[in-house]
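Q:
Residue numbers (my numbering): 331 to 579.
1) Taking just the CA atoms, how far does residue 519 sit from residue 511?
2) Short of 8 Å in beta carbon distance, which residues of its chain neighbour residue 347, apart from the five on each side in sequence? Order them along the chain.
3) In terms of residue numbering, what span does the alpha helix (DSSP H) encompassing residue 375 cover?
4) Does the distance from the C-beta atom of residue 339 to that of residue 359 stay below 8 Å?
5) How many whole angstroms separate the CB atoms of residue 434 and residue 456, which I take to be in contact at a CB cut-off of 8 Å?
6) Starting from the C-beta of residue 534, find all residues in its chain whose C-beta is less than 8 Å away, skip the five residues before and the five after it, and write them out in chain order.
7) Would you tell me roughly how many angstroms separate the C-alpha atoms of residue 390 and residue 563, rounded to the nearest one?
8) Let me know the alpha helix (DSSP H) ranges lying completely inside the region 338 to 367, each 4 residues or longer, listed in chain order.
9) Just list the beta strand (DSSP E) runs in the region 444 to 512, keeping only unbroken ones of 3 residues or longer that don't cross its boundaries, in chain order.
10) Taking the alpha helix (DSSP H) that residue 433 belongs to, which residues open and close that run?
11) Out of curiosity, what's the CA-to-CA distance linking residue 507 and residue 469?
12) Exposed or buried, what is residue 496 when buried is set at 16 or more other beta-carbons lying within 10 Å of its beta-carbon?
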């Protein structure tokens, strides 16, 4: 019998253990649990190293909500691996999608939220399911996402489609602005997305700091923004990724 390997990620221990026990009662399901994003990443890496990769990740939509009180929420980085410090559910989904794309992720939520559900799908999730859904429903979703199906509650469909349409509109506008940049300005923008400062960009591109400063000012002006952070956010919406820092080292 082919067994489905499931990892439950939830920082509410009683819920995680109860759900894991219920799923483990199924003859074709093998379950593990993790209480945080970093712990989940360690489980995934260990499973991959041992040749026993997980198939499905069930992630709490509010993962890390308690520990994040008073802190700035982490940023979703769809095109980069998840770091040890990422704790929220959607960031974890994005990191897993980048690092282990074969793993399917399903977000478990206590409430319907079209905006967050849309963000989860954009980050790479295959489903958004209510925490209080029946076990049979959850098993249907788990088996469905392994067939490359996407699962959403019917009540969320209209709202999620509206959010995705709006996001696509913003992306199209962002793409148009990025296309107005010269090849050199796009290269500078990719360096900005990678988090490089003016001096580092100058060293990488063999330019003077003054020339880099001019290029950065031109990038901000053409994109219609007033800060590097805003330029990076717009670049990500347009699908612009960072330069490969390792290739230069």
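Yeah, the Cβ is synthetic: ideal placement off N, Cα and C, and Gly gets one too.
A: Inspection of the coordinates gives the following:
1) 9 Å
2) 363
3) 367 to 379
4) no
5) 5 Å
6) 521, 526, 573, 578
7) 26 Å
8) 343 to 354
9) 457 to 460
10) Careful: residue 433 lies outside any alpha helix (DSSP H) and carries neither H nor E.
11) 44 Å
12) exposed
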